[in-house]
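In what follows, a structure is listed as structure tokens, so that the remarks can point back to it.
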Amino acid sequence: MDDRKMMFGLLFSLKAFVNKLDPTSGGSEMSGQCSFQSFRTNKYKLHYLENPSGISLVLMTDPLTGDLREFLRHVYSTCFTECVVKNPFYQPGQPFTSDQFASALNKAVRTHL
Amino acid sequence: MSIFSLYIVNKSGGLIFQKDFADIARLNTNDALMQASIWHSLHAISSQISPLNGCTGIEMLETSTFSLHCFQALTGTKFFVTCAPRTTGVESLLRTIYEMYSDYVLKNPFYEMEMPIRCAAFDLQLVVAIKGMA
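What follows is the structure, encoded as structure tokens:
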């Protein structure tokens, strides 16, 4: 649970940090157009995709992986939207467990990566 | 030039050097100090959430409009540059800057450790190195 809170804090702060440091917008304007996509350390790489709905996807891989934004978009549109959002018992914003989502996700990972 | 700016952060998280190399929106001094300290903390947290042991922190960050490359020396001093996305050769540039830091700053007898860097020779060599990259 601590890990999740730390990750949330890290990503939240990274988004604000990146907006401030963005060379295309003044430091005082904060137009919010710059979006953080990924970061790499020596041991892992974290990929991030935020949707206008407010749902963000976070993926951690080994450091040598390339750009996985397309994969994240695919996961959002096929696995999440199909299996979770269209589930009438899903409450938006709440934690969920869904076997269909898990198996669709496993299949997506195996075919794309 | 695709390198936008360089920041050097001491091991306590304080900004000791900042220079812009391109005609971009500049942060004022207070904002730069704040962002440098925030980066110091983010760098530390990223090594804590690592799924594997031995993580040393963020080395490269990609966004839609710029990339950020960071080099942390064994002493804890961090050098980070912001540049255009997909710029190559930034890792070796950071190593070169680290060498210049140890030559022109640390070997300067009047320089106090962890204090802001005010060395003209360092500035000159930096500009040469950045121009050499472009």
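So the protein sequences, as listed, match chains A and B. Using the numbering used here, read the first sequence as starting at 9 and increasing by one per residue. Using the numbering used here, read the second sequence as starting at 672 and increasing by one per residue. Glycine residues also receive a C-beta, built at the ideal position from the N, C-alpha and C atoms. Given the structure is predicted, the values throughout are model-derived calculations rather than measurements.
> Is DSSP giving S676 (chain B) helix, strand or coil here?
Replying inline: strand
>> For M15 (chain A) and L686 (chain B), I'd like the C-alpha separation in whole angstroms.
In response: So the two alpha carbons sit approximately 25 Å from each other.
> Do the CB positions of C754 (chain B) and H714 (chain B) come within less than 8 Å of each other?
Replying inline: no
>> By the DSSP assignment, the beta strand (DSSP E) with I687 (chain B) in it spans what residues?
In response: L686 to D691
> If you run the structure through DSSP and keep just helix, strand and coil, what is T734 (chain B)?
Replying inline: strand
> Who are the neighbours of S721 (chain B) on chain A, taking C-beta pairs under 7 Å?
Replying inline: T49, K51 and Y52
>> Can you check which of these residues, A:S43, A:G62 and A:R118, is closest to F79 (chain A) by C-alpha distance?
In response: A:R118
> Helix or strand or just coil, what does DSSP make of I729 (chain B)?
Replying inline: strand
> Is there a Cβ from chain A that is less than 8 Å from the Cβ of L704 (chain B)?
Replying inline: no
>> Would you call the stretch 75-92 of chain A in contact with the stretch 107-115 of chain A, where contact means no fewer than 3 C-beta pairs closer than 8 Å?
In response: yes
>> Quick check: does the Cβ of L57 (chain A) come within less than 7 Å of any heavy atom belonging to the ligand FAD?
In response: Because no ligand of any kind appears in the structure shown, any question about the ligand FAD cannot be addressed here.
>> At the 8 Å Cβ level, is Q689 (chain B) part of the contact set with chain A, yes or no?
In response: no
>> When you compare the CB of G35 (chain A) with every CB in chain B, is at least one pair closer than 8 Å?
In response: Confidence at G35 (chain A) is low in this model, with a pLDDT of 49, below 50, so the placement of that residue should be treated as unreliable; the coordinate-derived value is given next. Answer yes: the Cβ-Cβ gap between G35 (chain A) and chain B drops below 8 Å somewhere.
>> For a cutoff of 8 Å on Cβ pairs, would you count I717 (chain B) as touching chain A?
In response: Here residue 717 (chain B) turns out to be Ser, not Ile, going by the sequence shown. Yes, its Cβ sits closer than 8 Å to a Cβ of chain A.
> Distance, Cα to Cα, G35 (chain A) vs G101 (chain A)?
Replying inline: Because G35 (chain A) carries a pLDDT of 49, less than 50, the predicted location of this residue cannot be relied on, and the following value inherits that uncertainty. Their Cα atoms are separated by approximately 32 Å.
> Can you pull the DSSP bridge partners for M771 (chain B)?
Replying inline: Bridge partners of M771 (chain B): none, in fact.
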